[in-house]
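**Student:** Here you go, one structure.
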Amino acid sequence: MIYLDNAATTLHKPRAVEQAMCRALHTAAGYARGGHAAALHAGELVYTCREQAAALFGVDDPARVVLTMNATHALNLAIHALVRPGMRVVVDGYAHNAVMRPLALHGIEPVVLDAPLWDSAALVAQAERALAEGAALFVLTHVSNVFGYVLPVEAIADRLDAAGVPLVLDASQSAGVLPIDVRQHPCLAAVAMPGHKGLYGPQGTGLLLALDARLGQRPLLAGGTGSRSQQLRQPTFLPDALESGTPNLPGIAGLSAGLAFVRAVGPAQILAQEQRLCRALVRALADEERITCFAHPAQTGVLSLRVQGAAAETVAAALAQRGVAVRAGLHCAPLAHRTAGTEQTGTVRLSLSFYSTAQQVAQTAALLREVVKNL
2 MIYLDNAATT LHKPRAVEQA MCRALHTAAG YARGGHAAAL HAGELVYTCR EQAAALFGVD
62 DPARVVLTMN ATHALNLAIH ALVRPGMRVV VDGYAHNAVM RPLALHGIEP VVLDAPLWDS
122 AALVAQAERA LAEGAALFVL THVSNVFGYV LPVEAIADRL DAAGVPLVLD ASQSAGVLPI
182 DVRQHPCLAA VAMPGHKGLY GPQGTGLLLA LDARLGQRPL LAGGTGSRSQ QLRQPTFLPD
242 ALESGTPNLP GIAGLSAGLA FVRAVGPAQI LAQEQRLCRA LVRALADEER ITCFAHPAQT
302 GVLSLRVQGA AAETVAAALA QRGVAVRAGL HCAPLAHRTA GTEQTGTVRL SLSFYSTAQQ
362 VAQTAALLRE VVKNL
């Protein structure tokens, strides 16, 4: 199988991830819930994972690295802690449902930065306008999961720094691929990311970089933390305030190994590999008149396309029959499709990883041309 659905989850992981998970299954017990060797080893695994993440993302205190189930969990934690009724919240035109639905649960209809696909200058201008109109919180996508578009987060964050307005960053498609240093922008209140995509960890893992002290004051869940057990109220210090219940120790061990892999290879090299293959794929499909590729020189390794006269799901199913795994539809981000004008059709999304190869790209292009011919 040629696996090109890495924007959903990276299927092929470093061998060290599997090894770390297997070891943890047999050696790590209740984290923060005992003084015996197996429980202490669990504590070491968890702290090592926090340290790996802190080092990769420039977090000064590893206690601010909160372990979550996925990016959706992390985003819900941040939004629940920071949003208040009637607050003027701003999102971009590529926001995932993991942002939009939690806001809706809190009764927030956000202001949407509505700028054409790839038009960063217009997006920054709209952000400036939203600030002038009294925005109190921004929740921004770092990279579109549909189009691989790298949003001008740095430029917008500069404006938020000056205005003193907090930012929650959805790094679901950028963590492990783009450089992220949380020390660069005081406005960063939280950064949410999955463990199972660009960090090459297992499914069921994620991280919240909890940079704003308010995040510990209003937890989404309450329960056992292994600390302050005599109190009926949830601890307010991090990470305990946001980590209730028994954690996924095998998953955390695997995520730690994935983080170590990303640090060793370097996000810059991972990005270069993905971009090189993405551009090769676009070039290989350039002469197909029925195929429209949503391509830009600066996009990451995520490519959406449409085939004239064919439903995206039909194209994806035909590729699956030929051994190519892609994704079709709206990709849980209908707002992005509204922005790009693809909300009625959706797209076929091909997404690369560090383990994708030039041969796979060439084979995929040939099979896609065959599919289009048969359609």
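Here the sequence shown is numbered in the working numbering, starting from 2 and rising by one per residue.
Beta carbons: idealized from backbone N, C-alpha and C, even for Gly.
Values in this document were obtained by computation on a predicted structure and should not be read as measured data.
Looking at the unbroken alpha helix (DSSP H) that takes in S121, where does it start and where does it end?
**Tutor:** Its alpha helix (DSSP H) spans residues S121 to A133.
**Student:** Among the candidates I157, A56 and L118, whose CA atom is the shortest distance from the CA of V91?
**Tutor:** If we check each option's Cα against that of V91, I157 comes out closest.
**Student:** Compare the beta carbon distance of T226 and D241 with 7 Å and say whether it is the shorter of the two.
**Tutor:** In this structure, D241 lies closer than 7 Å to T226 by Cβ.
**Student:** Using only alpha-carbon positions, find the residue among A359, T315, P117 and A75 that is nearest to N375.
**Tutor:** Per the Cα distances, T315.
**Student:** Can you give me the Cβ contacts of L272 inside the same chain, cut-off strictly under 7 Å, excluding the 5 residues immediately before and after it?
**Tutor:** Closer than 7 Å at Cβ, skipping near neighbours: V178, L179 and T301.
**Student:** Of all the options R51, V125, A55 and L152, which has the alpha carbon lying nearest to the alpha carbon of A299?
**Tutor:** That would be L152, whose Cα lies nearest to the Cα of A299.
**Student:** Is V372 near A313, with beta carbons less than 7 Å apart?
**Tutor:** It is not a contact, given that the beta carbons lie outside the stated cut-off.
**Student:** Identify which residue in A318, A254, A317 and I292 has its Cα closest to the Cα of L306.
**Tutor:** It is I292.
**Student:** On a CA-only basis, which of A21, D288, P15 and D6 is nearest G255? Give me that one, please.
**Tutor:** Selected option, being the one with the closest Cα: A21.
**Student:** If you drop the 5 nearest sequence neighbours on each side, which residues of the same chain put their C-beta closer than 7 Å to that of R89?
**Tutor:** Hits under 7 Å: V112, G135, A136 and A137.
**Student:** Who are V91's beta bridge partners in DSSP?
**Tutor:** V112 and F139.
**Student:** Nearest-angstrom Cα distance between S257 and T49?
**Tutor:** Each residue's Cα considered, the two are about 7 Å apart.
**Student:** List the whole-angstrom C-beta distance separating A8 from Q174, where the pair is believed to meet the contact cut-off of C-beta under 8 Å.
**Tutor:** So it is a contact: roughly 6 Å between Cβ atoms.
**Student:** Could you pull the start and end residues of the alpha helix (DSSP H) that A171 belongs to?
**Tutor:** Inspection of the sequence shows that residue 171 is occupied by Asp rather than by Ala. Run containing D171: none in the alpha helix (DSSP H); it sits in the beta strand (DSSP E), L168 to D171.
**Student:** What distance in whole Å lies between the Cβ atoms of L83 and P167, which are believed to be in contact at a cut-off of 8 Å?
**Tutor:** Sure, about 7 Å apart at Cβ, within 8 Å.
**Student:** Distance check for A334 and T146, CA to CA, integer angstroms please.
**Tutor:** For the record, residue 146 in the displayed sequence is Asn; it is not Thr. Near 8 Å, if we compare the C-alpha coordinates of A334 and N146.
**Student:** To the nearest angstrom, how far is it from the Cα of A33 to the Cα of T343?
**Tutor:** Their Cα atoms are separated by approximately 48 Å.
**Student:** Name the DSSP bridge partner or partners of S352?
**Tutor:** Answer is D6 and V303.
**Student:** If you follow the beta strand (DSSP E) that G207 is in, where does it begin and where does it stop?
**Tutor:** G207 to A211 is the extent of the beta strand (DSSP E) around G207.
**Student:** Output the boundary residues of the alpha helix (DSSP H) element that contains I253.
**Tutor:** That run of the alpha helix (DSSP H) goes L250 to V266.
**Student:** On the three-state DSSP scale, how would you describe C294?
**Tutor:** In the structure shown, C294 sits in a strand (DSSP, three-state: E or B).
**Student:** Are there 16 or more other CB atoms within 10 angstroms of the CB of M2, so buried, or fewer, so exposed?
**Tutor:** By the 10 Å Cβ count, M2 comes out exposed.
**Student:** Give every residue of the same chain whose Cβ lies closer than 8 Å to the Cβ of V263, excluding the five residues on either side of it in the sequence, and list them in chain order.
**Tutor:** These residues qualify, in order along the chain: L57, G177, G199, L200, Y201 and I271.
**Student:** Would you tell me roughly how many angstroms separate the C-alpha atoms of E110 and Q360, rounded to the nearest one?
**Tutor:** If you take the alpha carbons of E110 and Q360, they lie about 46 Å apart.
**Student:** Taking the alpha-carbon positions, what's the L210 to V66 distance?
**Tutor:** Roughly 5 Å between the two C-alpha positions.
**Student:** Would you give the residue range spanned by the beta strand (DSSP E) that L76 belongs to?
**Tutor:** Segment A72 to L83 is the alpha helix (DSSP H) holding L76; no beta strand (DSSP E) there.
**Student:** Hey, could you find the ends of the beta strand (DSSP E) P195 is sitting in?
**Tutor:** L189 to P195 is the span of the beta strand (DSSP E), which, as asked, contains P195.
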